[in-house]
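Top to bottom, those sequences are chains A and B.
Heads up: take any position in the first sequence, counting from 1, add 282, and you land on my numbering.
Heads up: take any position in the second sequence, counting from 1, add 638, and you land on my numbering.
Below: the structure, in structure tokens.
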Amino acid sequence: MGKDFTTALRPAIVLTILFAILLGLVYPLAMTGIGQAIFPHQASGSLVRDASGRAIGSAIVGQAFTTDGYFQTRPSAAGDGYDGLASSGSNLGPASQVLANRVSADLVRQRAAGISGPVPADLVTASGSGLDPDISPAAARAQVARVARTRGLPAEQVRALVEHSIDQPLLGILGEPRVNVLALNMQLDRFGGPR
Amino acid sequence: MTFQGWSLILAFVAILLALAKPVGLWLFALYEGRRTPLHLVLGPVERGFYRLAGIDPAEEQGWRRYAVHMLLFNAVLMLFTYAVLRLQGALPGNPQGLPAVGEHLSFNTAISFTTNTNWQSYGGESTMANLSQMLGLTIHNFLSAATGIALAFALFRGFARREAGSVGNYWTDMTRITLYLLLPLCVVLTVFYIGSGVPQTLAGAVDLQTLEGADQSILLGPVASQEAIKMLGTNGGGFFNANSAHPFENPTALTNLVQMLSIFAIGVGLTWCFGKAVGNTRQGWAILAAMLVLFLGGVTVAYWAEAAGNPVLHQLGVAGGNMEGKEVRFGIAASALFSVVTTAASCGAVNAMHDSFTALGGMIPLFNMQLGEVVIGGVGAGIYGFLLFAILAVFVAGLMVGRTPEYVGKKIEAREVKLAVLAIAVLPLMILGLTALSSVLEQGLAGPLNRGPHGFSEILYAFTSAVANNGSAFAGLTANTPYYNGLLGVAMWLGRFFVIVPMLAIAGSLAAKKLAPESAGSFPTTGGLWVGLLVGIILILGGLTFLPGLALGPIADHLAMIRGTLS
């Protein structure tokens, strides 16, 4: 046993150093070089820019939309909401009083904005990351009337935009039908009207 | 539940079955120490490593030496990461200017990544600098996985060798698996992830103004290179707090499928490799069949429970399944499937928050871990854990029919059965003991976010995850305290190595035995009867032990949920 121990010392220490260099430095740095060369846009966060070139968000990371003239994203537990430095879900359990209170309060808000009938679940539940970029088509359709009213646009025009913005599952089974809220709202801004 | 959801699940299983043999063949080449095409490029690296480290690749090690060398290497690696984390404030590669990681958190994290657990008491964004993620954590994702596979190889050799005094060479097993399997696959996967939107940069956060004009900072980093090995090595430690629910870790439904397949790919290949190693691939398929029976059972319950949704919210006027803690791009089916995959294996990555699953939906991940993560399981750890159950199963079968038990040509005797029981008993002893302790101590009770039975579930889940080396969490638990960091750290270390050492002793003991040729009296270990026996033994031994705990946690929680008794 003692001999086993002493014979192990040199390989243990040397291989720790060698593997640290190979796997902890060479591998990630080489991948950074390759990634930045082949996919510079994605490797740097898929940033979306406005006409003046200023970054206004990431195409794949959600951001908060609170005004009535925009389609709104889901409730978020990331920091104070959509904090890109503090991703998190609510972690509230199914029989949590806190969860029931939060959902009730959001439902009151949605009802006041004119949504009737059963409310799509994603509209009043917090996502896993707190940075969900998407909402379900049902959640987008439910907001059409409010957005059209606030912007003074025909509801049909806004509804058509929503239908056009739905991403369908890949090969019919991969993923859920969904609407990227930032992309939808950028389209919406082209129609103009107060936010 | 939808047709589309079940299509995804069945397509996933079909791809897995197709992967078993090709991955298994590659693993078998490494098991035998054969040359692969990759030796042309990486052979010099391998030989250089041996020369510098003073390793004789032809040396054969007995089980004790194999164990001591493996343990010492892991101890040095653990200390290395502890040092990297404690020195974070002084090291480069820290664009956010984060301070050193605290003492008890560094202790916990260094053990966590060394043991392939990747339990995270911290949120990555606010704690870990880019260099710490790369140098401190990513290396463990490779080496703890390679160690797991090496240990499985040692046990395979125990079954395959006749009257031998050795079970292989830890250094060559571990190095070859890293260089010729994990690293090349990760290079390919990393490029795929980057192309799909996972960042790979040394920059820190980008500050921007949103469309509405609010400020938002979004953290970037070398995410993709870590993501690839995080899944492939069944590690599960996320770059970000939200893990694979974060759009930068798992941006699309396709990356989600690839991540789930990555978790299982090597584990599935190892079942085939085992069959090949003992000279009968049907032995491997029988193991995989038993695993898939348990897997599909878990998926069915979890998917059903999540699709049925939360009656408390239905009462309030919310439609549909349970979306709290889930991402829209994955939806219910892919989230439930991921939760079962990640806990059937010892991965622990999550693409939805298990804490917010319905009571029964969240019980499945918990139960999977309590079975010992032998349903495909962690890379290496899954198959050697499963073979411990197989030893007990032939022993029980032998008792029932009154014969000396044999398994794949080896007589199973008192020594092996005692060691297998010792290894398996670590799980319930530590999980239940530490959960009980934490349910009465003030420091333990300070942890849970949720009240009532769900709070108890959070504690039970934490210790289950730590001892089983999973790493997923009911993340409402505040675990970044000296109490939890300390106890969970010890639980992870013992949960890993107190299984491994008896397992290696079994490998040594089996390797020394003569071949016990199959006869008409041998209990067949390939057919449906054997698969049924295995499933039964795993459920009875692994599952029943934890039933009282589950009754106090998820089952009580379920009753509260359907009655609308909120807490």
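The beta carbon of each residue, even a glycine, is placed where N, CA and C say it ideally should be.
This one's a predicted model, so the numbers in the text were calculated from it and none came from an experiment.
Skipping 5 residues on each side, what residues in its chain have a beta carbon closer than 6 angstroms to that of residue i?
{"i": "THR667(B)", "result": "Note that residue 667(B) is Ala in the sequence shown, not Thr. Only THR674 meet the Cβ criterion."}
{"i": "VAL939(B)", "result": "ILE1002"}
{"i": "ALA420(A)", "result": "PRO402"}
Please confirm whether residue i has its beta-carbon closer than 9 angstroms to some beta-carbon of chain B.
{"i": "VAL343(A)", "result": "yes"}
{"i": "ARG441(A)", "result": "no"}
{"i": "LEU381(A)", "result": "yes"}
{"i": "GLY475(A)", "result": "no"}
{"i": "ALA333(A)", "result": "no"}
{"i": "ILE448(A)", "result": "no"}
{"i": "GLU478(A)", "result": "Because chain A here runs from 283 to 477, residue 478(A) falls outside it and cannot be looked at."}
{"i": "VAL429(A)", "result": "no"}
{"i": "VAL478(A)", "result": "Because residue 478(A) is not part of the residues shown, which for chain A are 283 to 477, the question remains open."}
{"i": "VAL368(A)", "result": "The question names Val, but residue 368(A) is Ala in the sequence shown. Yes, ALA368(A) lies at the interface with chain B (some Cβ there is under 9 angstroms from its Cβ)."}
{"i": "ARG391(A)", "result": "no"}
{"i": "LEU435(A)", "result": "no"}
{"i": "ARG472(A)", "result": "no"}
{"i": "GLN469(A)", "result": "no"}
{"i": "THR314(A)", "result": "yes"}
{"i": "ALA394(A)", "result": "no"}
In chain order, what residues of the same chain have a beta carbon less than 7 angstroms from the beta carbon of residue i, not counting five sequence neighbours either side?
{"i": "GLY1093(B)", "result": "PRO1086"}
{"i": "PRO436(A)", "result": "ALA430"}
{"i": "MET716(B)", "result": "ALA748, ILE749, THR752"}
{"i": "THR919(B)", "result": "TRP910, GLY913"}
{"i": "PRO1091(B)", "result": "LEU1190, GLY1191, ALA1194, ASP1195, ALA1198"}
According to DSSP, residue i sits in a beta bridge with which residue or residues?
{"i": "TYR1045(B)", "result": "LYS1048(B)"}
{"i": "GLN854(B)", "result": "LEU846(B)"}
{"i": "ILE925(B)", "result": "Answer is none; ILE925(B) lacks a bridge partner."}
{"i": "LEU329(A)", "result": "SER340(A)"}
{"i": "ALA957(B)", "result": "PRO402(A)"}
{"i": "ASP811(B)", "result": "DSSP, once it has assigned bridges, lists no residue as partnering ASP811(B)."}
{"i": "LEU456(A)", "result": "LEU452(A)"}
{"i": "GLY281(A)", "result": "The structure shown does not extend to residue 281(A), since chain A spans only 283 to 477, so no value can be given for it."}
{"i": "GLN699(B)", "result": "GLY806(B)"}
{"i": "ASP471(A)", "result": "Paired residues: none, contrary to the question."}
{"i": "ASP416(A)", "result": "ASN462(A)"}
{"i": "GLN1221(B)", "result": "Here chain B covers residues 639 to 1205 and nothing more, so residue 1221(B) does not appear."}
Quick one: does residue i have its CB under 9 angstroms from some CB of chain A?
{"i": "ASN754(B)", "result": "no"}
{"i": "ARG724(B)", "result": "no"}
{"i": "ILE815(B)", "result": "no"}
{"i": "TRP809(B)", "result": "yes"}
{"i": "PHE1005(B)", "result": "no"}
{"i": "CYS824(B)", "result": "yes"}
{"i": "ALA1158(B)", "result": "no"}
{"i": "GLY1015(B)", "result": "no"}
{"i": "PHE791(B)", "result": "no"}
{"i": "LEU969(B)", "result": "The sequence as given places Gly at residue 969(B); Leu does not occur at that position. By this cut-off, GLY969(B) is an interface position."}
{"i": "VAL978(B)", "result": "no"}
{"i": "MET991(B)", "result": "yes"}
With a CB to CB cut of under 8 angstroms and the five nearest residues on each side skipped, what residues in its chain are close to residue i?
{"i": "ASN630(B)", "result": "Any question about residue 630(B) goes unanswered here, given that chain B covers just 639 to 1205."}
{"i": "ILE653(B)", "result": "LEU899"}
{"i": "ARG433(A)", "result": "GLY351, VAL440, LEU470, PHE473, GLY474, GLY475, PRO476, ARG477"}
Using beta carbons (cut-off 9 angstroms, strictly below), is residue i in contact with chain D?
{"i": "SER1147(B)", "result": "Structure shown: chain D not included; protein chains present are A and B."}
Near-chain B residues of the segment 345 to 358 of chain A (beta-carbon distance less than 8 angstroms), N- to C-terminal order: GLN345, ALA346, PHE347, THR348, THR349, TYR352, ARG356
Residues in the segment 1112 to 1125 of chain B having any Cβ partner in chain A nearer than 9 angstroms: PHE1112, ALA1113, GLY1114, LEU1115
The segment 904 to 915 of chain B contacting the segment 990 to 1005 of chain B, beta-carbon criterion three pairs below 8 angstroms: no
Cβ-based contacts, 8 angstroms cut-off: residues of the segment 937 to 967 of chain B near chain A: GLY947, ASN948, VAL950, LEU951, LEU954, GLY955, VAL956, ALA957, GLY958, GLY959, ASN960, MET961, GLU962, GLY963, LYS964, GLU965, VAL966, ARG967
Residues within the segment 678 to 712 of chain B neighbouring chain A, beta-carbon criterion of under 7 angstroms: PHE687, LEU690, ALA691, GLY692, ILE693, ARG702, ARG703, VAL706, HIS707, LEU710, PHE711
Three CB pairs or more closer than 8 angstroms across the segment 404 to 420 of chain A and the segment 870 to 888 of chain B: yes
Proximal residues, the segment 405 to 426 of chain A versus chain B, C-beta separation under 9 angstroms: LEU405, VAL406, THR407, ALA408, SER409, GLY410, SER411, GLY412, LEU413, ASP414, PRO415, ASP416, ILE417, SER418, ALA420, ALA421
Contact residues within the segment 827 to 856 of chain B, judged by C-beta distance below 8 angstroms to chain A: THR828, VAL829, ILE832, GLY833, SER834, GLY835, VAL836, PRO837, GLN838, THR839, LEU840, ALA841, ALA843, VAL844, LEU846, GLN847, THR848, LEU849, GLU850, ALA852, GLN854, SER855, ILE856
Given 8 angstroms, three or more beta-carbon pairs between the segment 801 to 810 of chain B and the segment 688 to 700 of chain B: yes
The segment 758 to 778 of chain B: positions lying closer than 7 angstroms to chain A by Cβ: GLY761, GLU763, SER764, MET772, LEU773, THR776, ILE777
At least three beta-carbon pairs within less than 8 angstroms, the segment 452 to 459 of chain A to the segment 642 to 655 of chain B: yes
Contact the segment 1132 to 1148 of chain B vs the segment 761 to 779 of chain B: 3+ CB pairs below 8 angstroms: no
Contact the segment 386 to 401 of chain A vs the segment 1094 to 1108 of chain B: 3+ CB pairs below 8 angstroms: no
Against chain B: residues of the segment 290 to 303 of chain A by CB proximity under 8 angstroms: ALA290, LEU291, ARG292, PRO293, ALA294, ILE295, VAL296, LEU297, THR298, LEU300, PHE301, ALA302
The segment 352 to 360 of chain A / the segment 1165 to 1182 of chain B touching (three or more Cβ pairs under 8 angstroms): no
Members of the segment 1073 to 1100 of chain B that neighbour chain A once the beta carbon cut-off is set at 9 angstroms: LEU1087, ASN1088, ARG1089, GLY1090, PRO1091, HIS1092, GLY1093, SER1095, GLU1096
Interface residues of the segment 871 to 882 of chain B facing chain A [CB-CB below 7 angstroms]: PHE878, ASN879, ALA880
Three CB pairs or more closer than 8 angstroms across the segment 1003 to 1021 of chain B and the segment 973 to 984 of chain B: yes
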